[in-house]
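Novice: Protein sequence lines correspond, in order, to chains R and W.
Numbering-wise, the first sequence is residues 1 to 264 according to my numbering.
Numbering-wise, the second sequence is residues 1 to 324 according to my numbering.
So that we are looking at the same thing, I have put the structure below in structure tokens.
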Amino acid sequence: MSEQVPVLQARGLVKRYGKVTAIDGADFDLLPGEILAVVGDNGAGKSSLIKALSGAVVPDAGEILVDGEAVRFSGPLDARRHGIETVYQDLALAPAQDIATNVFLGRERRRSGPLGSVFRLLDAGGMRAEAARILGELDIKIKSMTQAVETLSGGQRQGIAVARAAAFGSRVVIMDEPTAALGVAESAKVLDLIQRIRDRGLPVVLISHNMPHVFEIADRVHVHRLGRRVGVVSPRERTMNEVVGLITGALALSDNGELVEVYR
Amino acid sequence: MSTKTKGNVSEFVLRTPAVGPAIALVAAVVVFSLTTNTFLDSDNLSLIVQQSLVVGTLALGQTLVILTGGIDLANAATAVLGTLLMAKLVVGGVPGTVALVTGIAAAVAIGALIGGIVTGASLPPFIVTLGMLTIVTAVSRIYAEGRSYPVTDDTLAFLGTRQYLFGHVEVTVGMGLALLMFVGAWYALTKTAWGKHVYAVGNDPEAARLSGINVRRTVLSVYVVAGLVYGIAAWQALGRVPNADPNAFQMGNLDSITAVVLGGTSLFGGRGSVIGTLVGALIVAVLRSGLTQAGIDSLYQDVATGVLVIVAVAVDRFSRRKQR
Ligand SMILES: Nc1ncnc2c1ncn2[C@@H]1O[C@H](COP(=O)(O)OP(=O)(O)OP(=O)(O)O)[C@@H](O)[C@H]1O
Ligand SMILES: [Mg+2]
Numbered sequence: 001m002s003e004q005v006p007v008l009q010a011r012g013l014v015k016r017y018g019k020v021t022a023i024d025g026a027d028f029d030l031l032p033g034e035i036l037a038v039v040g041d042n043g044a045g046k047s048s049l050i051k052a053l054s055g056a057v058v059p060d061a062g063e064i065l066v067d068g069e070a071v072r073f074s075g076p077l078d079a080r081r082h083g084i085e086t087v088y089q090d091l092a093l094a095p096a097q098d099i100a101t102n103v104f105l106g107r108e109r110r111r112s113g114p115l116g117s118v119f120r121l122l123d124a125g126g127m128r129a130e131a132a133r134i135l136g137e138l139d140i141k142i143k144s145m146t147q148a149v150e151t152l153s154g155g156q157r158q159g160i161a162v163a164r165a166a167a168f169g170s171r172v173v174i175m176d177e178p179t180a181a182l183g184v185a186e187s188a189k190v191l192d193l194i195q196r197i198r199d200r201g202l203p204v205v206l207i208s209h210n211m212p213h214v215f216e217i218a219d220r221v222h223v224h225r226l227g228r229r230v231g232v233v234s235p236r237e238r239t240m241n242e243v244v245g246l247i248t249g250a251l252a253l254s255d256n257g258e259l260v261e262v263y264r
Numbered sequence: 001m002s003t004k005t006k007g008n009v010s011e012f013v014l015r016t017p018a019v020g021p022a023i024a025l026v027a028a029v030v031v032f033s034l035t036t037n038t039f040l041d042s043d044n045l046s047l048i049v050q051q052s053l054v055v056g057t058l059a060l061g062q063t064l065v066i067l068t069g070g071i072d073l074a075n076a077a078t079a080v081l082g083t084l085l086m087a088k089l090v091v092g093g094v095p096g097t098v099a100l101v102t103g104i105a106a107a108v109a110i111g112a113l114i115g116g117i118v119t120g121a122s123l124p125p126f127i128v129t130l131g132m133l134t135i136v137t138a139v140s141r142i143y144a145e146g147r148s149y150p151v152t153d154d155t156l157a158f159l160g161t162r163q164y165l166f167g168h169v170e171v172t173v174g175m176g177l178a179l180l181m182f183v184g185a186w187y188a189l190t191k192t193a194w195g196k197h198v199y200a201v202g203n204d205p206e207a208a209r210l211s212g213i214n215v216r217r218t219v220l221s222v223y224v225v226a227g228l229v230y231g232i233a234a235w236q237a238l239g240r241v242p243n244a245d246p247n248a249f250q251m252g253n254l255d256s257i258t259a260v261v262l263g264g265t266s267l268f269g270g271r272g273s274v275i276g277t278l279v280g281a282l283i284v285a286v287l288r289s290g291l292t293q294a295g296i297d298s299l300y301q302d303v304a305t306g307v308l309v310i311v312a313v314a315v316d317r318f319s320r321r322k323q324r
């Protein structure tokens, strides 16, 4: 584990919304092939951080590096072009549109030949079949790809967002609380999928409040507090209670990597 | 078993919003055919379609705007300015084709301006088009210099004057053009990525943005296309009545919204279809014609149309609430 170049990296990110500072000088490192859990209290700024990393918000200051090269994302499409796919906390699905449309939203496929190039005709059948295959891989059981997303259960919707990111990610997959709406069995499937993505060689960023999940699959845990990273720990070297202590601020990580109690 | 069928039917109606309005249209046609003996006359049927051409075309553009979650109060005013430009230019000696293109281009420019303000300044379309309605109406009156302009040019009147007989039914070129436009819009909305983006933007703009859709460009393109449609509505208007009048179509914006709503398109955006709008425009024309044949005063026809609008929205709401 000598000096690997992080696949995705951030230095001193800042994002303010009026008086609220959602990201307050945050650093971030994602190493090749790892599952990095990002944990922190509600409002700690986890979603804001990953939105900056996925191009959904443009930070006021700081820099983002992909494979060591500085990049500037002015929109989600920029991050996507770098192979970064994201499951947003609020899923980013168009509820009235059908499943296949949602899976391919913003990356629709056209028919080959003049039908596609001149008449802009979409390959509806091909996208439906591909969507069915993608969801099938996740064992998401859905009757028809032409069903509107709003007719699905919360868990099924989450499954679609997860499957979409997993299928199209080619460098990094980011998931913001992908199991929040899921039952036990469905959560297990998503965790399994995350490990399969990692086995494919892609690093995964997993935001979760579920400590057992985090400790089950994460290679490293990034602890976020009050808008910035307060430490990165190994789930093998630290206990859940210690991580919770870092999240709440009862514990802090000293410069030499020791946990110290904070007296207030 | 029966509940399952019922579920499937309501699902079908919800997914195909034009089904309900189509049933209403057929019902209206059947009722008026049975209760009056002039309604089903081929001349009357042709007239019904011709009468719905202008509002129907305005409603087509309106549908695109409403699908994005917007609304266009300036559409009829834009078309009226188009008719004045076309007619007055010809009076001034400009060739008909040039006048036609100029009128349509002006409508496109107004659409681009509205779209530019809505997307550039993130202002509500209701306010922007309300302001534009006032401005464009005033500009039309100034330009018209207090009079109307009869149209003698063949190009400008072409859509209404060139007619073909299909059996006993008179079909104008304008009808053919309208049908072509509706089919074209249906194709663009349902078969191309642009259409998917229009629906997605109206459905949930933030989700659309996060999915990599350029929301502003999509919305802007819709207002530009709608402007083009209103320009063609101006041409349709001159084919129907060969006279450009600055006071024409004063209720055209609301009439077009009526047709859109009757066609099952949601005013909240993201749901609906242009085929529904076509049906909605025909429902209004059929209702008016049928009630006229039945000897009912036009003010009562307005009452009936108003009731229908409210019923249509209520049905839409009800069926959606049941789904959730
Ligand atoms: N668009 C916005 N406008 C204003 N404030 C915002 C916006 N987005 C986030 N914030 C604020 O930034 C802070 C961090 O929010 P964020 O959603 O990133 O937290 P989080 O760690 O993801 O929380 P949770 O665990 O509840 O999802 C909060 O105080 C929030 O209110
Ligand atoms: Mg969050």
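Glycine is no exception: its CB is placed at the ideal position from the N, C-alpha and C atoms.
Do R/Glu-34 and R/Asp-219 have their beta-carbon atoms positioned less than 8 Å apart in this structure?
Specialist: In this structure, R/Glu-34 lies closer than 8 Å to R/Asp-219 by Cβ.
Novice: Contact criterion: CB-CB distance below 8 Å. Does W/Leu-210 meet it with respect to chain R?
Specialist: At least one chain R Cβ lies under 8 Å of W/Leu-210.
Novice: Pick helix, strand or coil for W/Ile-66, following the three-state DSSP scheme.
Specialist: DSSP places W/Ile-66 in helix when its eight states are reduced to three.
Novice: Between R/Ser-47 and ligand 2, is the CB less than 7 Å from at least one heavy atom?
Specialist: Yes, Cβ of R/Ser-47 sits closer than 7 Å to a heavy atom of ligand 2.
Novice: By the criterion of Cβ-Cβ separation under 9 Å, what are the contact partners of R/Glu-108 in chain A?
Specialist: Here chain A cannot be found, since the structure's protein chains are R and W.
Novice: Hey, which unbroken runs of the beta strand (DSSP E) at 3 residues or more fall wholly within the segment 156-195 of chain W?
Specialist: The segment 156-195 of chain W contains these whole beta strand (DSSP E) runs: 163-166, 169-172.
Novice: Around the C-beta of W/Tyr-164, are 16 or more other C-beta atoms found within 10 angstroms, so that it is buried, or is it exposed?
Specialist: Classification of W/Tyr-164: exposed, given that the 10 Å Cβ count is below 16.
Novice: Considering only residues of the segment 44-113 of chain R, which uninterrupted beta strand (DSSP E) runs meet the minimum length of 3 residues and lie entirely inside it, listed in chain order?
Specialist: Counting only runs of 3 or more, we get 61-66, 69-71, 84-87.
Novice: Can you grab the Cα-Cα spacing for the pair R/Leu-135 / R/Asp-192, in whole Å?
Specialist: Distance between the alpha carbons of R/Leu-135 and R/Asp-192: 14 Å.
Novice: Could you check the C-alpha separation between W/Asp-153 and W/Ala-248 for me, to the nearest Å?
Specialist: Roughly 19 Å separates the two Cα atoms.
Novice: Could you list which residues in chain W have their beta carbon closer than 9 Å to that of R/Leu-105, in chain order?
Specialist: Simply Lys-196, His-197, Ala-200, Ala-207, Ala-208, Ser-211, Gly-212, Ile-213.
Novice: Does any residue of chain W have a CB that is nearer than 8 Å to the CB of R/Leu-122?
Specialist: True, the Cβ-Cβ gap to chain W drops below 8 Å.
Novice: Starting from R/Ala-92, find everything on chain W with Cβ-Cβ shorter than 9 Å and list it in chain order.
Specialist: Ordered by position in chain W, the residues that pass the 9 Å Cβ test against R/Ala-92 are Asp-204, Glu-206, Ala-207, Ala-208, Arg-209, Leu-210, Ser-211.
Novice: Could you check if R/Leu-202 is buried or exposed, using at least 16 other CB atoms within 10 Å of its CB as the buried criterion?
Specialist: When all chains shown are included, R/Leu-202 counts as buried.
Novice: Report the partner residues of R/Leu-206 according to the DSSP bridge assignment.
Specialist: Answer by DSSP bridge pairing, in chain order: R/Ala-37, R/Met-175.
Novice: Looking only at its chain, what residues have a beta carbon closer than 6 Å to the beta carbon of W/Gly-69, apart from the 5 residues adjacent to it on each side?
Specialist: Within the same chain, W/Gly-69 has close Cβ partners Gly-202, Gly-269.
Novice: Helix, strand or coil: how does DSSP classify R/Leu-253 here?
Specialist: Residue state, collapsed to three classes: strand.
Novice: Starting from the beta carbon of R/Thr-101, find every residue of chain W whose beta carbon is closer than 7 Å, and list them in chain order.
Specialist: Lys-196, listed in chain order.
Novice: What are the residues that DSSP puts in a beta bridge with R/Thr-21?
Specialist: DSSP, once it has assigned bridges, lists R/Arg-16 as partnering R/Thr-21.
Novice: Let me check understanding here. Comparing Cα to Cα, which of W/Ile-296, W/Thr-258, W/Val-108 lies closest to W/Thr-305?
Specialist: That would be W/Thr-258, whose Cα lies nearest to the Cα of W/Thr-305.
Novice: Does the segment 88-99 of chain W come into contact with the segment 224-235 of chain W, if we say contact requires no fewer than three beta-carbon pairs (one atom in each stretch) closer than 8 Å?
Specialist: With the cut-off at 8 Å, the segment 88-99 of chain W and the segment 224-235 of chain W do not touch.
Novice: At a cut-off of 7 Å, would you count R/Tyr-17 as near ligand 1, judging by its Cβ distance to the nearest heavy atom?
Specialist: Yes, Cβ of R/Tyr-17 sits closer than 7 Å to a heavy atom of ligand 1.
Novice: What is the DSSP secondary structure of W/Asn-243, counted as helix, strand or coil?
Specialist: Of the three classes helix, strand and coil, the one that applies to W/Asn-243 here is strand, per DSSP.
Novice: Name the chain W residues that come within less than 7 Å of R/Arg-11, Cβ to Cβ?
Specialist: Those do not exist, as R/Arg-11 stays about 24 Å from chain W at its closest Cβ, beyond 7 Å.
Novice: Consider the C-beta atom of R/Gln-269 and the heavy atoms of ligand 1; say whether any pair is separated by less than 7 Å.
Specialist: Nothing about residue 269 of chain R can be reported from this structure: the residues present for chain R run from 1 to 264 only.
Novice: Residues of chain W with CB under 7 Å from R/Arg-133, in chain order?
Specialist: Those do not exist, as R/Arg-133 stays about 20 Å from chain W at its closest Cβ, beyond 7 Å.
Novice: Mapping the DSSP letters down to three states, classify W/Val-307 as helix, strand or coil.
Specialist: Note: W/Val-307 maps to helix in three-state DSSP.
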